[in-house]
Amino acid sequence: TIQVDYEKLKEYSNIKNKNEGKIALELKNVKKVFGNTLVLNDISLSVPWGKVISIIGPSGSGKSTLLRSINGLESIDTGDIEMGGLPFMFKNNNKIKKSNKKLQVLKIGMVFQSYNLFPHKTVLENVMLAPLYHKKNKDQELIRIHALAMLEKVGMLIHANKYPHQLSGGQQQRVAIARALAIQPSIMLFDEPTSALDPELVQEVLKVIKELSNEGMTMIIVTHEMKFAFEVSDRIVFMESGQIIYNEDPQQMKKTQDERLLKFIGNVA
Ligand code: ADP
Ligand code: MG
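For the sequence shown, my numbering assigns the number 9 to the initial residue and increments by one for each residue that follows.
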């Protein structure tokens with residue numbers, strides 16, 4: 009039988025609640041250049057613990073590059089990124105360096121548009137892969153139990169022994185969310201998590217993300233699902249040409265007079 013240590017999990021989320029009001033993630037004057045293009049043009053952004061920020065904006069405005077910079081998949085050219093009030097990384101001789109061992113505790117989970125599960129591994133194996141790698145095969149049973157708990161969280165426990173091709177896109181994306189959660193991240197980043205899905209599968213994925221926000225997970229979500237973004241977010245950031253044009257409370261943003269933003273957010277009010 010499968011047993012989930014809910015007390016442990018609760019303890020874990022309580023740890024996060026203790027940070028209430030403090031800043032989880034801070035970007036200060038971040039710039040990033042690709043060739044001749046300033047892809048991130050002086051981005052400053054604060055994300056308090058437990059809050060949800062949605063990033064919206066036209067294609068090519070730098071949303072993915074911003075997320076990728078936050079989790080270290082891209083280096084930045086100038087500026088700072090801090091996590092938990094400490095410098096997260098800095099650029100030195102064109103190399104990103106994790107600046108402090110202490111910061112390894114603050115892990116970031118990321119979910120992409122394309123879920124990219126390993127096709128030859130089961131759902132459970134996919135979710136266990138990263139934690140096993142990091143733990144070097146210690147605590148294998150604990151990792152398995154935690155992976156099963158994450159699968160239950162996204163409603164995929166009954167599919168634990170299936171292979172990705174046996175699942176719908178929405179189910180695969182939910183597994184990808186469980187996989188990201190399996191490393192016990194402090195912050196979750198979502199880059200258009202429902203853009204590759206058939207319309208009828210979008211809601212099941214959004215529901216899981218919404219549940220995470222209810223549990224107090226700190227999240228940055230790039231999405232075109234405006235209704236969802238306005239429902240779930242504490243702040244909405246509108247990006248254009250590598251810049252943050254607006255960073256507002258959703259209720260406030262709904263009252264915008266800016267034609268371009270209005271056209272973009274459509275009929276959410
Ligand atoms: P968004 O996610 O908002 O659509 P991106 O962050 O993907 O925007 O891209 C922002 C800009 O950076 C685009 O002009 C894109 O062509 C460019 N870009 C993104 N990745 C690269 C790369 N690896 N090399 C060169 N240019 C890139
Ligand atoms: Mg993108």
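C-beta: ideal position from N, C-alpha, C; glycine also.
I'd like the list of long-range same chain contacts for residue i, defined as Cβ closer than 6 Å, with 5 residues on each side in sequence excluded.
| i | result |
| --- | --- |
| Met196 | Gly117, Met225 and Met227 |
| Glu34 | Ser54 and Glu90 |
| Gln112 | At Gln112, the pLDDT of 43 sits below 50, so the modelled position is not reliable and the matter cannot be decided from this model. |
| Ala184 | Val119 and Tyr123 |
Alpha carbon to alpha carbon, how far is residue j from residue i? Give it in angstroms, no decimals.
| i | j | result |
| --- | --- | --- |
| Leu39 | Ile153 | With the sequence shown as reference, residue 39 is identified as Lys, and Leu is not the correct amino acid for it. Roughly 41 Å between the two C-alpha positions. |
| Phe246 | Asn275 | 16 Å |
| His4 | Lys263 | Lying outside 9 to 277, the shown extent of the chain, residue 4 is not represented and no answer is given. |
| Lys161 | Tyr254 | 33 Å |
| Pro201 | Leu125 | 14 Å |
| Ile61 | Gly177 | 25 Å |
| Gln260 | Ser203 | 26 Å |
| Gln148 | Gln251 | 44 Å |
| Leu270 | Val119 | 28 Å |
| Arg76 | Gln265 | 31 Å |
| Gln179 | Gln192 | 20 Å |
| Ile151 | Asn44 | 45 Å |
| Ala138 | Ser72 | 22 Å |
| Ser1 | Ser241 | Because the chain is modelled from 9 through 277, residue 1 falls outside the range shown and cannot be assessed. |
| Leu214 | Phe236 | 7 Å |
| Phe238 | Gly80 | 28 Å |
| Leu140 | Ala186 | 14 Å |
| Gly58 | Ile64 | 20 Å |
| Pro56 | Ile31 | 4 Å |
| Glu208 | Ser249 | 32 Å |
| Glu256 | Ser67 | 20 Å |
| Ile244 | Glu267 | 17 Å |
| Met234 | Leu205 | 16 Å |
| His142 | Glu82 | 21 Å |
If you reduce the DSSP assignment to three classes, tell me which class residue i lands in.
| i | result |
| --- | --- |
| Ile84 | coil |
| Lys106 | Its pLDDT being 48, under 50, Lys106 is placed unreliably by the model, and the measurement read from it follows with that caveat. Looking at Lys106 - three-state DSSP - the assignment turns out to be strand. |
| Tyr254 | strand |
| Pro201 | coil |
| Val245 | strand |
| Leu137 | helix |
| Val55 | strand |
| Glu239 | helix |
| Met234 | helix |
| Val47 | strand |
| Met164 | coil |
Can you give me the start and stop residues for the alpha helix (DSSP H) that residue i sits inside?
| i | result |
| --- | --- |
| Gly178 | Gly177 to Leu189 |
| Ala32 | First-last for Ala32: Ile31 to Phe42, but that is the beta strand (DSSP E), not the alpha helix (DSSP H). |
| Val216 | Pro207 to Asn222 |
| Ala155 | Gln148 to Lys161 |
| Lys271 | Glu267 to Ile273 |
Output the boundary residues of the beta strand (DSSP E) element that contains residue i.
| i | result |
| --- | --- |
| Ser62 | Val60 to Ile64 |
| Ser122 | No beta strand (DSSP E) contains Ser122, which DSSP labels as neither H nor E. |
| Thr73 | Looking at the DSSP string, Thr73 is not in any beta strand (DSSP E); the run it does join, the alpha helix (DSSP H), is Lys71 to Ile78. |
| Met227 | Thr226 to Val230 |
Skipping 5 residues on each side, what residues in its chain have a beta carbon closer than 8 Å to that of residue i?
| i | result |
| --- | --- |
| Tyr171 | Pro127, His128, Lys129, Thr130 and Val131 |
| Val41 | Val47 and Asp85 |
| Gly163 | Arg182, Glu212 and Val216 |
| Asp50 | Asn37, Val38, Lys39, Gly87 and Gln251 |
| Leu159 | Val131, Leu132, Val135, Leu165, His167, Ala168, Val183 and Ala186 |
Using only alpha-carbon positions, find the residue among the options that is nearest to residue i.
| i | options | result |
| --- | --- | --- |
| His232 | Phe272, Gln180 and Ser83 | Phe272 |
| Ser194 | Ser77, Asn44 and Gly92 | Gly92 |
| Phe198 | Asp206, Leu220, Leu175 and Pro207 | Leu220 |
| Val210 | Pro56, Lys71 and Gln121 | Gln121 |
| Asn169 | Val135, Leu214, Asp50 and Arg268 | Val135 |
| Val230 | Leu74, Lys30 and Glu223 | Leu74 |
| Leu175 | Ile51, Gly87 and Tyr123 | Tyr123 |
| Glu28 | Glu267, Glu248 and Glu223 | Glu223 |
| Ser52 | Leu156, Ile78 and Ala155 | Ile78 |
| Ala157 | Glu267, Ala184, Ser249 and Ala190 | Ala190 |
| Ala188 | Ala155, Pro207, Pro258 and His167 | Ala155 |
Apart from the five residues on each side of it in sequence, which residues of its chain come closer than 7 Å, Cβ to Cβ, to residue i?
| i | result |
| --- | --- |
| Leu114 | Met91, Gly92 and Ser194 |
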